[in-house]
Amino acid sequence: MSEAHHVLFRPWHADAIELRELERHHLEGETLFTPKTMAMSPRTLAYTFFYKETILAIYGLVLIRPDVYGLWVFPSKHIKEHAIVYLKAAKRFVDTIQRNIQADRIETTTYDDDTHAKWLRYLGFECESGPLRNYSKGQSFRQWAIINDR
């Protein structure tokens with residue numbers, strides 16, 4: 014197995030991930046949108062991305078409605094130090110789901126900042142909205158999507 018690898022999500026991964034401070038803040042008191050509840054949803058295909066022995070992210074694809082999927086990610090505090098490794102793996106994942114899942118739309122929401130905008134554009138997403146103000150705990154977000162016109 015390579016130093017960077019994806020595995021199917023296991024519940025212990027949610028307990029082991031060291032989330033970034035930003036996500037920890039947003040998840041305080043949250044019961045519905047947590048790494049474990051999202052990954053264990055019956056409509057979700059979830060993975061954990063490891064670099065060496067460290068969890069860099071838990072992420073998944075959830076069926077929202079026929080041919081529309083939501084991509085979600087819970088990054089660890091270690092993601093910044095391994096950003097290139099993570100971005101390359103994320104790009105391979107997005108490219109793979111585009112090839113293998115006949116989705117009309119893959120969507121996600123992210124923090125409204127330049128870093129997330131650059132990452133999402135690199136992954137092939139287009140921004141669909143202005144800031145969604147006060148989307149979560151006073152933080153603004155943006156809506157992004159990959160549209161497959163068939």
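If you read the sequence shown in the numbering used here, its first letter stands for residue 14, the second for the next number, and so on. Every residue gets a Cβ at the ideal spot worked out from N, C-alpha and C, and that includes glycine. All values reported here derive from a predicted model rather than from experimental measurement.
Where do the ends of the beta strand (DSSP E) carrying residue i lie?
i: proline 88; result: 81-88
From the options, pick the residue whose C-alpha is nearest to that of residue i; which is it?
i: serine 149; options: Gly83, Ala70 and Leu35; result: Leu35
i: aspartate 28; options: His38, Thr47 and Arg105; result: Thr47
i: alanine 52; options: Glu120, Ile71 and Leu40; result: Ile71
Exposed or buried, residue i, counting other C-beta atoms within 10 Å across all chains shown (16 or more means buried)?
i: isoleucine 160; result: exposed
i: tyrosine 64; result: buried
i: tryptophan 157; result: buried
i: histidine 38; result: exposed
Classify residue i as helix, strand or coil using the three-state DSSP reduction.
i: arginine 155; result: strand
i: asparagine 161; result: coil
i: histidine 38; result: helix
i: glutamate 139; result: strand
i: histidine 91; result: coil
i: isoleucine 114; result: coil
Based on the DSSP secondary-structure assignment, which residues constitute the bridge partners of residue i?
i: alanine 59; result: Gly73
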